[in-house]
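What follows is a single structure, written as structure tokens, with notes after it.
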Amino acid sequence: MLTLEDARAAILQRIVPATVAETVPLAQARGRYAAAEIRARVDNPAFDNSAMDGYAVRTADLLAADFRMPLAGESSAGSIPGTLGAGVCMRIFTGAPIPAGADAVVIQEDVKRDGNTIVFPRTVQPGANIRRRGEDFKSTELLFAPGRRLGAVKLALLATAGVAEVPVFARARVLVVATGDELVAPGQPLAPGQIYESNRLATLAQLADFGVEAIDGGTVKDDPAALRTLLTRSTDYDFIITSGGASVGEHDLVKQVFAEIGEIEFWKVRIKPGKPLAFGRVGARTHFFALPGNPVSSLVTYKLFVEPALAVWHHAEPHEWKLPATATNGFRRHPGRTEFLRARLYTEHGKLLAEVLKGQGSHMLGPVREANAFIRVEADSDGFAAGDAVTVIPWLP
Ligand code: AMP
Ligand code: MG
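Heads up: the sequence shown is residues 6 to 402, going by the working numbering.
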């Protein structure tokens, strides 16, 4: 059985990244991945401008004027102020161009007004309160390399830089299917032995958050013929993600049909929850994840394996935040598998604390009411005591 790291490495090595790119307007670029270098088209700031409301001066003239200067003209945002005359000052507002010749802005709170004369403090420094052209970034400067994800805030940078449209990789098309004779859609009455289906919905929603094109493939019965039809018809998707039927029972047919129709790269990983995970390929290019059916196993394996795979498919570096925290309660177990405990991460007196939530069964979704992290227990560990240092992975389910 593969370790978590070996399984992850095997997946990332097998992913064939996107080859198709397109150019989209900024308003449609949120969550997409840059397909080429994106460079600034203008300097930012585009011109020297005032950081504050106040008065623009030539500092060299202040001493000779005994720090009293007549007011001559005004520069407001969007205006063209021209040149500041010798021995005078100019009213100026935040974001307004600095008039030629001025080398400082004195904020209005620091001056006194005496009719048309402004009285300045004796401490004005050259350069004060001026935002310099290009001090943030310069025209042609690299903003994003290929593979960078253009999240909501990145779009603000692109707009500021005068970029109107961006080259991005195609979004992965991902088919999501639940399997199981017992599964019923919420809203239907439950017959004896049936349960409500939840994995498909959660996977579709997480994929939508990630920014790929998630396609609902519905629920398929534990019937080899139906599974065979599904898999053979789905080889034009970039990914297929199923849940359930990946263990060893006679009714766990996903893995059997997967082996028959596709190529299984590996099956089973030394993790808890989520051991019966199969990964491989069907057809020439469709990556296939058979996730375990238990709801928590499906969530954990999605986070640990599917998300990094999707990142790599879009030419991005997968990354995982690992934070050091202090356990507020203990957890004991037999070593063997890398384990992920649903936990609540919070701060108290500036310290990051992690509480192991009650209900760690892989069928127990109740704890997601409070969970916002996993505590990662290493394979060779027998657990930890309250007060011990633990490694935490943020998770916002
Ligand atoms: P399986 O991997 O098919 O043996 O399923 C393991 C457990 O997860 C069983 O208790 C199933 O009823 C349950 N399960 C499987 N698929 C789903 C699903 N889509 N939603 C909720 N529970 C599921
Ligand atoms: Mg099943």
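Using N, Cα and C, we set each Cβ at its ideal position, and we do this for glycine too. Just so you know, these numbers come straight off a predicted model, no measurement behind them.
- Spanning the alpha carbons of residue 319 and residue 42 requires a straight line of approximately 14 Å.
- The residue from 399, 12, 215 and 298 with its alpha-carbon nearest to that of residue 157 is 215.
- Contact fails between the region 166 to 174 and the region 60 to 74, because fewer than three Cβ pairs, one in each stretch, are under 8 Å apart.
- Ranked by Cα distance from residue 204, the first of 303, 251, 7 and 356 is 303.
- Residue side-chain check: residue 8 keeps its Cβ at 7 Å or more from all non-hydrogen atoms of the ligand MG.
- Counting every other CB atom within 10 Å of its CB across the protein chains shown gives residue 122 a total below 16, marking it as exposed.
- Under the three-state reduction of DSSP, residue 358 is assigned to strand.
- The Cβ neighbour count for residue 227, taken over all protein chains shown within 10 Å, is at least 16; the residue is labelled buried.
- For residue 272, the secondary structure class from DSSP, reduced to helix, strand or coil, is strand.
- By the CB criterion at 8 Å, residue 357 and residue 376 fall outside the cutoff.
- For residue 248, the enclosing beta strand (DSSP E) stretches over residues 244 to 248.
- Remark: fewer than three beta-carbon pairs, one from each stretch, lie closer than 8 Å, so the region 273 to 283 and the region 312 to 327 are not flagged as touching.
- Counting the other CB atoms within 10 Å of its CB gives residue 211 a total of 16 or more, which places it among the buried residues.
- With fewer than 16 other Cβ atoms from the protein chains shown falling within 10 Å of its own Cβ, residue 132 counts as exposed.
- Of 219, 234, 218 and 217, the smallest CA-CA separation from residue 225 is found for 234.
- Among the bridge pairs identified by DSSP, residue 398 is matched with 379.
- Contact between residue 38 and residue 179 does not hold, since the beta-carbon distance rounds to 15 Å and is not under 8 Å.
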